[in-house]
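Chemist: Chains as they are written, first to last, in my numbering: chain Y, 1 to 380; chain W, 381 to 760; chain R, 761 to 1140. Where a beta carbon is used, it is the ideal one built from N, C-alpha and C, also for glycine. Take this structure, written in structure tokens, and hold onto it; I'll ask about it next.
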């Protein structure tokens, strides 16, 4: 399905008739003059723009694949993931990094079986598909990723979404897009993608402006329902091997002194509070304060932040800054959430790359222990 | 009831005896000297000021009417509203706009039948009345709108409240009042006005300082209990007619390029997250960043914001900026809230005033469909 | 237990074997080179630092005592408190004030009977002890106050925690520690200290930088579960005597014109919104805006703020500024919370120190009335 086909496609809810652009010409009541919003329209003006204003042609392309993953070992829930390759899909999906000013065309390929998508919907009239809805950057309705705009991808098909990391424009008041955002499905199961999100179809986005500091490592931590971090809880949140930790969604690790970036996302139905031990950040766009001005001292420094569904924020810290290496807890500070396993560890290695003693996969409170202790190896 | 009568009025809870101002003179223990807060008092000093300091005389007056409206068609709940005229009451009530420095005298007329107010209380000793409690601007206890200060209006009576949009004063540390606020009842049903709020007695307030940009349109969206936006959900949140949309609490519409202001209010018992598709704003007092300074780049740009009861914020966006016309969803990002109908649409018309095809009243997910599809007209 | 003993102590969960620092030398896989985080380690590098970097020697010491207090009269729940003396323990515990740059050694003495601690845990393998975990300031793992770092205090023992109020360092990006924070137990009952917190083991922390304004009075208001302010609700939140109010956790009082500081803390499992009548503050580090710059006008002024568990903020207001003396409500704006008694009063006395008429202990809505009306005295 390409964009020109899309413009002619029937609406997904068959009980309503397809629209034709020119029909409006016949039906509109001509309402001109002060105070009235509606006015005569010509058909050509009703066409939706394909690209956001300012992006005449995308200057980068990406392929993104939505696939079904093995079910969650603890809960047997369906898991879906996005990946730059079908065999590399994960939840969260890959972090998408953009430079301010960049216009990115992302082609989403839907490999998720129709039967799986059908299982995730409750309304049999709801269309089958996956989509890409993004926060913060600019996109037209054709890249909204919603049902009503028909900007989703049926099983086996593809669709290109255009994201524009627009610069702030002080003349027009346009506020710019640099910051920490996220992308997610908006159609699986229902018109808000609740089932797609809950199955794993989400990932982090960061738009950097020139001068923003680059981190050594970036981790996404999505706080979600059932007291989950990245849809896992308890032992499953932290599978780091003490001898050879492999950074990833379930192994948050850095050497002392590295600049570590966190992208924090709220998904699902619950409120959470993100707390990191031993480290704090400024409550700014980047988590940093980069000058000495008087106003800089007005900015709160925090180590705990309320997070609702749809919220995202990010920050950088220097791993172990002043506090040294160790196993630093990262948890929801809602007590019953942390007690139920919404807690993991940021392992700050010493400068030689050695992990402090005292960690075994399976140390997190609550949740379900990994069957074999995370690999069955012996240490300590 | 005027203010001097008010000062002598009996306390609303008859189990306690009325107080007289001079009694304090007799009873107080004289406690002078370091560390002690309490001291000898003379009766004249115990009188409450009628006007906030800095407002010697109100420079504008308003009449505000609290009335009973038809019950909610979907739930049969009692609905109350404020209006500048009794026949123009609505929920939310009218937005009250002030200029910084202004002192506003608002006379509230209580037209709500005593029987209705009696129905909304659970404690038969609780007084009957409506009130006006405002956030952010300055007022004395006589304009607090609470039971304990007796600043409420019994059925059939009137009372004048004084609000002062005080300027920031750097000498005293007084923080100023410019911003997005709200007003609401604080006495219907109980000492916190929970039933008054839930019935519709609330509205937006904006205090502008010189230089604040003026919007072309202002919409209030109150996020409340039972997954409601402005106390409606699903189809009832959006009654816009495609051919002739009439802006109002259930029709959010703007032409491409118009400056649209949103006043967002949290009411009730639940947390929510306000999300708008295609548009973002700065997390500042106005939603705008109006200079190029280094600190400006510290301010987060957001398109999703956590909102608790009592919170209010506001922002301006340029409708369709960069993203073009369309039906842009505005919803709570708590997934079960949006799925249950806490979702509406901001209709961005093209520059000629035509609405994109694809909208019918009744397109919102969840909630209760409008009986006749919002007017029974045919389009598309 | 001193620190060197600590390093050898067995892990609290006996199913796993104790670790020895040098074992790592034998077991590590030597992984050198690009991309790998883990590397060869020597034992000496695995030792945890005792002091945070920048604090070579504490320049102040404090004794802090954790004790069991009488049970809550309304609920019969166990109450624990911290105090600078064992006989002065309270909940919240004493506010700990630091100057930026200060390094503070706090020795925590655990007087809480082992039987009481045993009663508060559900897992019989969980260790008995209390601890001190602090937000915002710098500390090593040895002062983390957690089980996995073994930085807690068994019954009858003591342990010294080191907190460093580090200065912002623009060269390293270290964000500084000035602000409003809190301390709390992290081990009573479970690995997140949920039972310790719920029993009363928490208090406020403020780190002041040079130039930060000093308040005349500081009050801590912790918003917690069961609709509590400082673990009380209804009448129990306000025990002020009208004639001779004694400032404390259940008597918020100030003279007109005094600078009053609030430290607001979220504890437990619920979201809350902190609202204060008649007063507002800037949403900054100090609640103040202290210059006239353009950016200053970007800062929201608020009188209501969402608060999640673990969050803390603070601000100063001038009591009665512009609004005069009176009984100003301070409550959670979640309506069912305030209706259930999560509401208290800030009593602003007039300039002579007299309290406005109209207050009796027992005026708060909801909750449990004090048995004798707060002292049985007659007034008014």
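Which residues does DSSP pair with residue 479 (chain W) in a beta bridge?
Modeler: Start at 1 with the first residue of the second chain, and residue 479 (chain W) comes out as number 99. According to DSSP, residue 479 (chain W) bridges with W:588.
Chemist: Of the choices W:431, W:711, W:662 and W:445, whose alpha-carbon is the least far from that of residue 537 (chain W)?
Modeler: Sequence index remark: in the second chain, residue 537 (chain W) carries index 157 (1-based). Minimum Cα distance to residue 537 (chain W) is reached at W:445.
Chemist: So, helix, strand or coil for residue 604 (chain W), using DSSP?
Modeler: Position 224 of the second chain, counted from the start, is the residue given in the question as residue 604 (chain W). Three-state result, residue 604 (chain W): strand.
Chemist: Which of the three DSSP states, helix, strand or coil, is assigned to residue 84 (chain Y)?
Modeler: In the first chain, counting from the first residue as 1, residue 84 (chain Y) sits at position 84. Coil at residue 84 (chain Y), not helix or strand.
Chemist: If you draw a straight line from the alpha carbon of residue 979 (chain R) to that of residue 470 (chain W), how long is it in whole angstroms?
Modeler: Sequence index remark: in the third chain, residue 979 (chain R) carries index 219 (1-based). Sequence index remark: in the second chain, residue 470 (chain W) carries index 90 (1-based). Between residue 979 (chain R) and residue 470 (chain W), the C-alpha separation is close to 40 Å.
Chemist: Suppose you measure from the CA of residue 1083 (chain R) to the CA of residue 1040 (chain R); what does that come to, to the nearest Å?
Modeler: For the purposes of this step, residue 1083 (chain R) is taken as the residue at position 323 of the third chain. For the purposes of this step, residue 1040 (chain R) is taken as the residue at position 280 of the third chain. Cα-Cα distance, rounded: 11 Å.
Chemist: Report the residue from W:525, W:485, W:552 and W:603 whose alpha carbon sits nearest the alpha carbon of residue 712 (chain W).
Modeler: Counted from its first residue, the second chain places residue 712 (chain W) at position 332. Comparing Cα positions, the closest option is W:603.
Chemist: Got a sec, what are the start and stop residues for the alpha helix (DSSP H) residue 912 (chain R) sits in?
Modeler: Here residue 912 (chain R) is taken as the residue at index 152 of the third chain, counted from 1. From DSSP, residue 912 (chain R) is part of no alpha helix (DSSP H); its letter is neither H nor E.
Chemist: Give me the Cα-Cα distance between residue 1100 (chain R) and residue 809 (chain R), rounded to the nearest whole angstrom.
Modeler: As a position in the third chain, residue 1100 (chain R) is number 340, starting the count at 1. As a position in the third chain, residue 809 (chain R) is number 49, starting the count at 1. Near 48 Å, if we compare the C-alpha coordinates of residue 809 (chain R) and residue 1100 (chain R).
Chemist: Anyone know if the C-beta pair for residue 128 (chain Y) and residue 114 (chain Y) falls short of 7 Å?
Modeler: Counting from 1 along the first chain, the entry for residue 128 (chain Y) is found at position 128. Counting from 1 along the first chain, the entry for residue 114 (chain Y) is found at position 114. Closer than 7 Å, so yes.
Chemist: For the candidate residues W:715, W:577 and W:656, whose alpha-carbon lies nearest to that of residue 725 (chain W)?
Modeler: Locating residue 725 (chain W) in the second chain gives position 345, counting from the first residue. Considering only alpha carbons, the answer is W:656.
Chemist: In the DSSP assignment, what are the bridge partners of residue 701 (chain R)?
Modeler: Chain R is shown from 761 up to 1140; residue 701 (chain R) falls before or after that span and cannot be answered.
Chemist: Should the stretch 852 to 863 of chain R be regarded as contacting the stretch 810 to 829 of chain R, the criterion being three or more beta carbon pairs within less than 8 Å?
Modeler: Because the criterion of three Cβ pairs below 8 Å is met, the stretch 852 to 863 of chain R and the stretch 810 to 829 of chain R touch.
Chemist: For the putative contact between residue 1079 (chain R) and residue 1015 (chain R), defined by C-beta atoms under 8 Å, what is the C-beta separation to the nearest angstrom?
Modeler: Taking the third chain and counting its residues from 1, one reaches residue 1079 (chain R) at position 319. Taking the third chain and counting its residues from 1, one reaches residue 1015 (chain R) at position 255. Yes, they are in contact, since the Cβ atoms of residue 1079 (chain R) and residue 1015 (chain R) sit about 7 Å apart, within 8 Å.
Chemist: So is residue 456 (chain W) buried or exposed if we call it buried at 16+ other beta carbons inside 10 Å?
Modeler: Position 76 of the second chain holds residue 456 (chain W). Label assigned to residue 456 (chain W): exposed.
Chemist: Which first and last residues belong to the beta strand (DSSP E) in which residue 343 (chain Y) is found?
Modeler: Along the first chain, one-based indexing puts residue 343 (chain Y) at 343. 343 to 349 is the extent of the beta strand (DSSP E) around residue 343 (chain Y).
Chemist: Name the chain Y residues whose beta carbon is nearer than 8 Å to that of residue 836 (chain R)?
Modeler: By 1-based counting over the third chain, the position of residue 836 (chain R) is 76. Simply none; closest approach about 21 Å.
Chemist: Given a cut-off of 7 Å, decide if residue 961 (chain R) and residue 919 (chain R) are closer than it, judged by their beta-carbon atoms.
Modeler: Start at 1 with the first residue of the third chain, and residue 919 (chain R) comes out as number 159. Start at 1 with the first residue of the third chain, and residue 961 (chain R) comes out as number 201. No, these two residues do not count as a Cβ contact at 7 Å.
Chemist: So, for residue 685 (chain W): in the same chain, excluding its five sequence neighbours on each side, which residues have a beta-carbon less than 7 Å away from its beta-carbon?
Modeler: Counted from its first residue, the second chain places residue 685 (chain W) at position 305. Result list for residue 685 (chain W): 653, 654 and 693, in chain order.
Chemist: Within this structure, are the beta carbons of residue 559 (chain W) and residue 472 (chain W) separated by less than 7 Å?
Modeler: Taking the second chain and counting its residues from 1, one reaches residue 559 (chain W) at position 179. Taking the second chain and counting its residues from 1, one reaches residue 472 (chain W) at position 92. Against a cut-off of 7 Å, the Cβ pair of residue 472 (chain W) and residue 559 (chain W) comes out as no contact.
Chemist: So, is the C-beta of residue 658 (chain W) closer than 7 Å to a C-beta in chain R?
Modeler: Here residue 658 (chain W) is taken as the residue at index 278 of the second chain, counted from 1. No, residue 658 (chain W) lies away from the interface with chain R (no Cβ there is under 7 Å from its Cβ).
Chemist: Report buried or exposed for residue 505 (chain W), applying the criterion of at least 16 other Cβ atoms within 10 angstroms of its Cβ.
Modeler: In the second chain, the residue the question calls residue 505 (chain W) occupies position 125. Exposed is the call here.
Chemist: Who does residue 696 (chain W) pair with in a DSSP beta bridge?
Modeler: Counting from 1 along the second chain, the entry for residue 696 (chain W) is found at position 316. The partner list for residue 696 (chain W) (beta bridge, DSSP) reads W:641.
Chemist: So, does the stretch 222 to 239 of chain Y touch the stretch 261 to 268 of chain Y, judging by three or more C-beta pairs under 8 Å?
Modeler: Yes: the two stretches touch, three or more of their Cβ pairs being nearer than 8 Å.
Chemist: So residue 1087 (chain R) and residue 572 (chain W) are supposed to be a Cβ contact under 8 Å. How far apart are they, rounded?
Modeler: Residue 1087 (chain R) sits at position 327 when you count from the first residue of the third chain. Residue 572 (chain W) sits at position 192 when you count from the first residue of the second chain. Not confirmed; about 15 Å, so no contact.
Chemist: Enumerate in chain order the residues of its own chain whose CB-to-CB distance from residue 832 (chain R) is below 6 Å, with the five nearest sequence positions on each side excluded.
Modeler: Counted from its first residue, the third chain places residue 832 (chain R) at position 72. Excluding sequence neighbours, residue 832 (chain R) sits near 839.
Chemist: Buried or exposed: residue 118 (chain Y), going by 16 or more other Cβ atoms within 10 Å of its Cβ?
Modeler: In the first chain, residue 118 (chain Y) corresponds to position 118, counting from 1. Residue 118 (chain Y) is exposed by the Cβ-count criterion.
Chemist: Answer with buried or exposed for residue 1006 (chain R), where buried requires no fewer than 16 other C-beta atoms within 10 angstroms of its C-beta.
Modeler: On the third chain, residue 1006 (chain R) is found 246 positions in, with the first residue counted as 1. Answer is exposed; the Cβ neighbour count stays below 16.
Chemist: Mind checking residue 168 (chain Y): buried by the 16 CB within 10 Å criterion, or exposed?
Modeler: Along the first chain, read from residue 1 onward, the residue named residue 168 (chain Y) stands at position 168. Residue 168 (chain Y) should be labelled buried.
Chemist: Is residue 990 (chain R) near residue 975 (chain R), with beta carbons less than 7 Å apart?
Modeler: Numbered from 1 along the third chain, position 230 holds the residue referred to as residue 990 (chain R). Numbered from 1 along the third chain, position 215 holds the residue referred to as residue 975 (chain R). It is not a contact, given that the beta carbons lie outside the stated cut-off.
Chemist: Buried or exposed for residue 665 (chain W), please, with buried defined as at least 16 other CB atoms from any protein chain shown within 10 angstroms of its CB.
Modeler: Sequence index remark: in the second chain, residue 665 (chain W) carries index 285 (1-based). Looking at its Cβ environment, which holds 16 or more other Cβ atoms inside 10 Å, residue 665 (chain W) is buried.
Chemist: Which one or two residues does DSSP pair with residue 918 (chain R) in a beta bridge?
Modeler: The sequence position of residue 918 (chain R) within the third chain is 158, counting from 1. Note: residue 918 (chain R) sits in a beta bridge opposite R:869.
Chemist: Sorted by chain position, which residues of the same chain lie with C-beta nearer than 6 Å to residue 205 (chain Y)'s C-beta, five sequence neighbours on each side aside?
Modeler: Against the first chain, residue 205 (chain Y) aligns to sequence position 205. Contacts found: 96, 181, 182 and 183.
Chemist: If we cut at 7 Å on Cβ distances, does residue 643 (chain W) have a partner in chain Y?
Modeler: For this step, residue 643 (chain W) is matched to residue 263 along the second chain. Output row for residue 643 (chain W): interface = no.
Chemist: Specify, as a first and last residue, the run of the alpha helix (DSSP H) that residue 197 (chain Y) falls within.
Modeler: As a working mapping, residue 197 (chain Y) is identified with position 197 in the first chain. Start and end: 194 to 199.
Chemist: Nearest chain R C-beta to residue 318 (chain Y) closer than 7 Å, yes or no?
Modeler: Residue 318 (chain Y) sits at position 318 when you count from the first residue of the first chain. Yes, contact with chain R.
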